[in-house]
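These notes concern the structure reproduced below.
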Amino acid sequence: MTIAKDLSLEERILKLKEERNAVILVHNYQLGEVQDIADFIGDSLGLSQNAAKTKADVIVFCGVHFMAETAAILCPNMTVLLPDHHAGCPMANMINAEQLRQKKKELPNASVVCYINSTAEVKAESDICCTSANAVKVVESVANDEILFIPDQYLGHYISTKTNKKMHFWPGYCPTHARIRDRDIIRLKQEYPKAKVVVHPECRPEVIALADEVASTGGIIRYARREDVREMIVGTEIGIIHRLKKENPDKKFIPVSEQAVCPNMKLITLEKVLWSLEEMAPVVTVPKGIRLRAKATVDKMLTIV
Ligand code: 13P
Ligand code: SF4
14 MTIAKDLSLE ERILKLKEER NAVILVHNYQ LGEVQDIADF IGDSLGLSQN
64 AAKTKADVIV FCGVHFMAET AAILCPNMTV LLPDHHAGCP MANMINAEQL
114 RQKKKELPNA SVVCYINSTA EVKAESDICC TSANAVKVVE SVANDEILFI
164 PDQYLGHYIS TKTNKKMHFW PGYCPTHARI RDRDIIRLKQ EYPKAKVVVH
214 PECRPEVIAL ADEVASTGGI IRYARREDVR EMIVGTEIGI IHRLKKENPD
264 KKFIPVSEQA VCPNMKLITL EKVLWSLEEM APVVTVPKGI RLRAKATVDK
314 MLTIV
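For the sequence shown, our numbering begins at 14 and goes up steadily by one.
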């Protein structure tokens with residue numbers, strides 16, 4: 014396929030996207046330049062819902078591996094491209110299927126709720142999936158009163174403060190959100206006394222304890238649109254600041270930590286998006302046996318939200 018070289022990078026991507034009948038799905042933590050070419054931008058829940066209903070032939074997933082894998086689970090007849098195959102999520106890799114099978118033997122009466130930040134084979138071993146946007150609702154929807162929540166201990170801890178269910182955790186965590194510290198929020202609250210503190214539920218419990226609002230990245234975007242919010246101290250990955258400022262140019266957004274950068278999210282660039290559409294690679298696939306079991310876990314979540 015030949016694309017005129019005098020076009021800008023963005024124009025070449027858009028032209029090739031049309032020729033391939035592709036859709037570009039972008040997570041809220043992506044580089045600003047990548048966010049700006051999105052057909053849909055959102056959180057893990059919104060991206061899965063969008064993947065499940067798209068009529069495109071190709072999905073270019075600008076996010077990390079588990080997100081592209083979830084799209085491949087939901088859309089087996091589409092080609093799912095992840096423009097850099099090194100873009101993984103360290104937390105998703107903190108538990109594998111064998112470790113989960115072992116834990117299930119130790120806790121035979123517990124139902125397994127897996128965070129969407131997990132591999133397809135771990136989803137296949139779980140009873141139901143959740144995202145940060147629906148985690149409490151999903152756990153509450155499970156008939157069983159005993160839950161094994163994997164892999165994020167901090168999200169698990171947050172859910173446990175909202176439910177009476179007996180919860181067991183796996184010691185996984187997000188290295189990026191672990192850099193967001195309560196002492197920084199306390200300092201920023203003194204500097205910006207009128208600002209609302211909004212944090213992601215992957216943050217440490219002592220950080221969550223200081224928040225006015227705890228929400229998924231999509232929830233943080235919605236919260237920022239509220240009339241009464243003029244200044245916001247933002248406790249999540251700093252890529253979200255681009256969209257917050259773009260949608261709310263007259264409001265002030267203060268990241269808790271400039272160190273809260275997910276290096277994996279930043280591996281996706283415009284050059285790689287173009288290359289990926291040109292080469293139709295790297296393709297993310299899931300073997301059928303695992304895919305069908307993982308799909309049941311994701312579908313269960315999508316029916317309750
Ligand atoms: P959201 O689903 O809230 O966008 O979070 C995904 C993620 O990886 C957070 O670190
Ligand atoms: Fe994974 Fe954390 Fe990056 Fe989200 S921010 S993709 S949880 S490492």
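We put the beta carbon where it would ideally sit given N, CA and C, even for glycine. In this text the structure is predicted, and so the values were computed from the model without any measurement.
Tell me whether residue 187, by its Cβ, gets closer than 7 Å to a heavy atom of ligand 1. Counting from 1 along the sequence shown, the entry for residue 187 is found at position 174. Yes; taking the cut-off as 7 Å, the Cβ of residue 187 has a heavy atom of ligand 1 nearer than that.
Kindly examine ligand 1 and report whether one of its heavy atoms sits closer than 7 Å to the Cβ of residue 170. Here the question's residue 170 lines up with position 157 in the sequence shown. The answer is no for residue 170.
Range of the contiguous alpha helix (DSSP H) that encloses residue 186: What you label residue 186 is simply residue 173 of the sequence shown in a count that begins at 1. Neither: residue 186 is in no alpha helix (DSSP H) and is coded neither H nor E.
Determine the closest residue to residue 44 out of 195, 183, 75 and 273, with distance taken between C-alpha atoms. In the sequence shown, the residue the question calls residue 44 occupies position 31. Cα-wise, what sits closest to residue 44 is 75.
Helix, strand or coil at residue 276 according to DSSP, with G and I counted as helix: Here residue 276 refers to the residue found at position 263 when the sequence shown is read from its first residue. Residue 276 falls in the coil class under three-state DSSP.
So what's residue 40 in DSSP terms, helix, strand or just coil? Residue 40 sits at position 27 when you count from the first residue of the sequence shown. Correct three-state label for residue 40: strand.
Give the list of continuous beta strand (DSSP E) stretches no shorter than 3 residues that lie fully inside the segment 54-117. 71-75 and 92-94
Around the C-beta of residue 189, are 16 or more other C-beta atoms found within 10 angstroms, so that it is buried, or is it exposed? Here residue 189 corresponds to residue number 176 of the sequence shown, with the count starting at 1. By the 10 Å Cβ count, residue 189 comes out buried.
Of the listed residues 235, 141, 51 and 161, nearest to residue 24 (C-alpha basis): As a position in the sequence shown, residue 24 is number 11, starting the count at 1. Out of 235, 141, 51 and 161, 51 has the C-alpha closest to the C-alpha of residue 24.
Since I believe residue 314 is in contact with residue 151 (beta carbons under 8 Å), could you give me their beta-carbon distance rounded to a whole number of angstroms? Sequence index remark: in the sequence shown, residue 151 carries index 138 (1-based). Sequence index remark: in the sequence shown, residue 314 carries index 301 (1-based). Rounded, the Cβ-Cβ distance is 6 Å, consistent with contact.
Which residues mark the beginning and the end of the beta strand (DSSP E) in which residue 209 is found? Within the sequence shown, the letter at position 196 stands for residue 209. Counting along the chain, the beta strand (DSSP E) containing residue 209 begins and ends at 209-212.
DSSP on residue 154, reduced to helix/strand/coil? Along the sequence shown, one-based indexing puts residue 154 at 141. Helix at residue 154.
For ligand 1, I want to know if residue 252 counts as a neighbour, meaning its beta carbon is within less than 7 Å of at least one of the ligand's heavy atoms. Within the sequence shown, numbered from 1, the residue matching residue 252 stands at position 239. Result no, Cβ not under 7 Å from ligand 1.
Say whether the segment 116-125 touches the segment 155-169, bearing in mind that this needs 3 or more beta-carbon pairs closer than 8 Å, one atom from each stretch. yes
DSSP three-state label for residue 297, please. Locating residue 297 in the sequence shown gives position 284, counting from the first residue. Three-state DSSP puts residue 297 in coil, outside helix and strand.
C-alpha gap between residue 209 and residue 19, whole angstroms: Here residue 209 corresponds to residue number 196 of the sequence shown, with the count starting at 1. Here residue 19 corresponds to residue number 6 of the sequence shown, with the count starting at 1. Taking the straight line from one Cα to the other gives about 46 Å.
Count Cβ pairs between the segment 306-313 and the segment 81-96 that sit closer than 8 Å; are there 3 or more? yes
Between residue 84 and ligand 1, is there a pair consisting of the residue's CB and a ligand heavy atom that are separated by less than 7 Å? For this step, residue 84 is matched to residue 71 along the sequence shown. No, the beta carbon of residue 84 sits no closer than 7 Å to any heavy atom of ligand 1.
Just to check, is the beta-carbon of residue 146 closer than 7 Å to a non-hydrogen atom of ligand 1? Stepping through the sequence shown from its first residue, residue 146 is reached at position 133. The answer is yes for residue 146.
From residue 233 to residue 219, what does the alpha carbon distance come to, in whole angstroms? Here the question's residue 233 lines up with position 220 in the sequence shown. Here the question's residue 219 lines up with position 206 in the sequence shown. Distance between the alpha carbons of residue 233 and residue 219: 19 Å.
Using 8 Å as the threshold, is the C-beta distance between residue 163 and residue 144 below it? The residue given as residue 163 occupies position 150 in the sequence shown. The residue given as residue 144 occupies position 131 in the sequence shown. No, the Cβ-Cβ distance between residue 163 and residue 144 is not below 8 Å.
Check whether the Cβ of residue 167 sits closer than 7 Å to any heavy atom of ligand 2, and report yes or no. Indexing the sequence shown from 1 puts residue 167 at position 154. No, the beta carbon of residue 167 sits no closer than 7 Å to any heavy atom of ligand 2.
Do residue 250 and residue 264 have their CB atoms nearer than 8 Å? Your numbering for residue 250 matches position 237 in the sequence shown. Your numbering for residue 264 matches position 251 in the sequence shown. Going by C-beta atoms, residue 250 is not nearer than 8 Å to residue 264.
Presumed contact (8 Å Cβ cut-off) between residue 198 and residue 248, rounded CB distance: In the sequence shown, residue 198 corresponds to position 185, counting from 1. In the sequence shown, residue 248 corresponds to position 235, counting from 1. Between residue 248 and residue 198 the Cβ distance is about 7 Å, and since that is below 8 Å, they are a contact.
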